[in-house]
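Presented below is the structure to which this report refers.
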Amino acid sequence: MPPKRKTKSGSTAKNAASNKEDQAKRAKLHSHPFKDHVEKLYGMPMSDDLFLMQQFFSKDDSNKDALTLLKLKCVGPFLHLSDKQSKTTSSDPTFYHMQWRYFYDVPEFLTAFASTESNNLFHIGYFRDDPSDLDSLVVASNTGKDAKLTLLGDNLFAAISTHTKEVIKTIKTQSKKKKLTTFLQNLQDFAKESNLDLTTTSNKVNERKKKVVTQSFHGLGIVVPLSKDGIGYRPLHHTDAQLKRLLQKIVNAKNDQDRIAAFDPIQETVNFIQFANDECDYGMGLELGIDLFCHGSKYFHKMSNLLLTVGYQLLKRDLYAKICDKHLADRREKDVERA
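Each residue of the sequence shown is one higher than the one before, counting from 1 in UniProt numbering.
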């Protein structure tokens, strides 16, 4: 008798079916009717979690209701994922990047969720070191006080999960707490089915940490390409604490003459940056430019714009150079939707 044909075990067959289901989901995401459209609008690739999040909220009205309890609303790229919403077709990606761009938002930041409270500047969004990167961090910003960003994970589900847990701790009404607890479970189940990591210290987050060349005023550090010889970045001559004191001295100067004199150490650093750029250490200018931007004072707008536009262009992050230029010409603390 011929040997019996081997059959797949139950677990193997189950895994194969699961893999096929995952592949089908990914294929559906990559064929999302507005994927190409929204990527063209923003001039950058969009990760799958954006489209998965839209599916999650479309799946059940209770999920949308929970978002209301969280006092959040979908903004930014979410507004261009349906016929009803996506009516504008500007050929300039900066037009869309300027929408929901808050005062302290660095060019790497793209808002996806905003607070529904009129005086609350809390918002959640993507943070990408390079506009061509598909992998990103998802962070939160309060922006009312400073440029500090809070890491929430590597996808929108991780961010909303973390934020929901924090909100639940503050709610005293049992009915609201129950709704949000149910929402959180639904979110976690959907994320698990979609193979999304809900931790704030995922493998992607840890891999990026290894690439950070220096810290920055927003707290996430900066990432630039480094050669085997370490070419790509050289440190500033001041620590963050020293730099903050120098910048505050400029802001607090009693008159223009004192302010010009206080600028001398910063101008000296800019001169060093020009040498660094000539020797392909582009990260030095990016670091100072980001720090000046994050400080927020009008006295640093011109210098930060120059450093950042040059730095981004040298790093082939041209989209960020354009966003920076547009933002510093229209940096505002309210009406950030720019509708």
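We put the beta carbon where it would ideally sit given N, CA and C, even for glycine.
1) Tell me whether Ser136 is buried or exposed, calling it buried when 16 or more other Cβ atoms sit within 10 Å of its Cβ.
2) So, helix, strand or coil for Gly283, using DSSP?
3) Could you tell me which residues DSSP pairs with Thr239 in its beta bridges?
4) Quick one: is Lys14 buried, meaning 16 or more other Cβ sit within 10 Å of its Cβ, or exposed?
5) Look up Val75 in the DSSP assignment and say whether it is helix, strand or coil.
6) Go ahead and pull the three-state DSSP assignment for Val310.
7) Near Thr162, which residues of its chain fall below 7 Å by C-beta distance, leaving aside the five closest residues on each side in sequence?
8) Going straight from the alpha carbon of Ser11 to that of Val167, what length do you get?
9) Could you check how far apart the C-beta atoms of Met53 and Leu156 are, in whole angstroms? I think they sit under 8 Å.
10) Please determine if the segment 204-221 and the segment 285-300 are in contact, where contact requires at least 3 C-beta pairs separated by less than 8 Å.
11) Have a look at Met303 and Ile323 and give me their C-alpha separation to the nearest angstrom.
12) Which first and last residues belong to the beta strand (DSSP E) in which Leu110 is found?
13) Measuring CB to CB, does Arg234 end up less than 9 Å from Ala276?
14) Is DSSP giving Tyr96 helix, strand or coil here?
15) In angstroms with no decimal places, state the Cα-to-Cα distance between Leu182 and Asp65.
16) Using a threshold of 9 Å, state whether the C-beta atoms of Leu286 and Val224 are closer than that.
17) Can you tell which of His80, Gly283, Ser194 has its C-alpha closest to the C-alpha of Val212?
18) What's the gap between the Cα of Asn119 and the Cα of Ala112?
19) Roughly how many angstroms separate the alpha carbons of Gly144 and Leu121, rounded to a whole number?
20) So, for Met98: in the same chain, excluding its five sequence neighbours on each side, which residues have a beta-carbon less than 8 Å away from its beta-carbon?
21) Who does Leu149 pair with in a DSSP beta bridge?
With the structure as the only source:
1) Taking every protein chain shown into account, the CB of Ser136 has 16 or more other CB atoms within 10 angstroms, so this residue is buried.
2) Three-state DSSP puts Gly283 in a helix.
3) Checking the DSSP bridge columns, you'll see Thr239 has no partner listed.
4) Confidence at Lys14 is low in this model, with a pLDDT of 48, below 50, so its placement is unreliable and no value can be given for it.
5) Three-state result, Val75: coil.
6) Looking at Val310 - three-state DSSP - the assignment turns out to be helix.
7) Within the same chain, Thr162 has close Cβ partners Leu152, Gly153, Thr200.
8) With a pLDDT of 46 at Ser11, under the threshold of 50, the modelled position of that residue is not reliable, and the figure given next carries that caveat. The straight-line gap from Cα to Cα measures roughly 39 Å.
9) Met53 to Leu156, Cβ: 5 Å. Contact.
10) Contact check between the segment 204-221 and the segment 285-300: three or more CB pairs, one atom from each, fall below 8 Å, which counts as touching.
11) As the crow flies, the alpha-carbon of Met303 is around 15 Å from that of Ile323.
12) Counting along the chain, the beta strand (DSSP E) containing Leu110 begins and ends at 109-115.
13) With contacts defined by Cβ atoms closer than 9 Å, Arg234 and Ala276 form a contacting pair.
14) Correct three-state label for Tyr96: helix.
15) Residue 182 is actually Thr in this sequence, not Leu. When rounded, the distance between both Cα atoms is 12 Å.
16) Contact check for Leu286 against Val224 passes: the beta carbons are separated by less than 9 Å.
17) Ranking the options by Cα distance to Val212, first place goes to Gly283.
18) One C-alpha to the other measures close to 18 Å.
19) Those two C-alpha atoms are separated by around 6 Å.
20) Same-chain partners within the cutoff: Ile323, Lys326, His327, Asp330, Arg338.
21) Beta-bridge pairing by DSSP links Leu149 to Ser141.
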